[in-house]
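To keep things clear, I will list the structure first and then write my remarks on it.
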Amino acid sequence: PHGHAPLGATWDGARGEWVRAASPPPDPVVEAEPAAADEELTEWRAAVGDEWADWRGCICNGPYHGSMVGCDGGCDNWFHFACVGITRLPRGEFYCEECKARREAKRRRLEAAASTPRPKPKRSAPTPRPTPDDRRRARTKKSGRRPAAKPSAKRLKPPAPRTRPA
């Protein structure tokens, strides 16, 4: 009979009209973690609470509490969510600022090394080919004999045929 209510309004029967509320109704409370996870966390805190009471590992040097994240960069440091600006555990790996800087510096070094051209090996002067005289000298060194004198024209004639005694 009164039609559809405007958002956030209530029916005032005495006045016969819809009246807007002073503030919108509060949103329903949504649990941040399932109940089973809460129980597990509570049990874990009870088991390690005394052991970790004096532990200081965050950049703020504050005490340990359950809302902390460990760095996956190799430094083994742990941080309160608020100290590193997160509200829940990251889905993947988490790196603290120091480890991020170290990884970035390493990445830059590798890129620079990959993009720097390597010098080509210097070539030595080609080895000259041996001449006939060089070859003759080499044979002399090996055998220890002096090379024979250059044949004269006389020596180039074939020798006279020899006859066999009968």
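In full-length UniProt numbering, the protein residues as written are 1 to 166. All residues carry an ideal CB built from backbone N, CA and C; glycine is no exception.
Take H80 and list the residues in its own chain whose beta-carbon comes closer than 8 Å to its own, dropping the five residues that flank it on each side. Position 80 of the sequence shown, counting from 1, holds the residue named residue 80. Hits under 8 Å: C58, C60, G62, H65, S67, M68.
Under the three-state DSSP convention, the category P63 falls into: The count along the sequence shown starts at 1 and reaches residue 63 at position 63. The answer is strand: DSSP assigns P63 an E or B state.
Rounded Cβ spacing between C75 and E98 (contact assumed at less than 8 Å): Translated into positions along the sequence shown, residue 75 becomes position 75. Translated into positions along the sequence shown, residue 98 becomes position 98. About 6 Å separates the two Cβ atoms, so the contact holds.
When you compare only the Cα positions, how much space is there between P161 and P128? Taking the sequence shown and counting its residues from 1, the one referred to as residue 161 is at position 161. Taking the sequence shown and counting its residues from 1, the one referred to as residue 128 is at position 128. Their Cα atoms are separated by approximately 44 Å.
Could you give the distance in angstroms between the alpha-carbon of K120 and the alpha-carbon of N77? Sequence index remark: in the sequence shown, residue 120 carries index 120 (1-based). Sequence index remark: in the sequence shown, residue 77 carries index 77 (1-based). Whole-angstrom Cα-Cα distance: 45 Å.
Going by the beta-carbon positions, is the gap between R103 and G73 smaller than 8 Å? Counted from its first residue, the sequence shown places residue 103 at position 103. Counted from its first residue, the sequence shown places residue 73 at position 73. Result yes, Cβ atoms of R103 and G73 sit closer than 8 Å.
Residues sharing a beta bridge with G70, DSSP: Here the question's residue 70 lines up with position 70 in the sequence shown. According to DSSP, which records beta bridges pairwise, G70 is partnered with W78.
What residue range is occupied by the uninterrupted alpha helix (DSSP H) comprising A105? On the sequence shown, residue 105 is found 105 positions in, with the first residue counted as 1. Where A105 is concerned, the enclosing alpha helix (DSSP H) stretches over 97–115.
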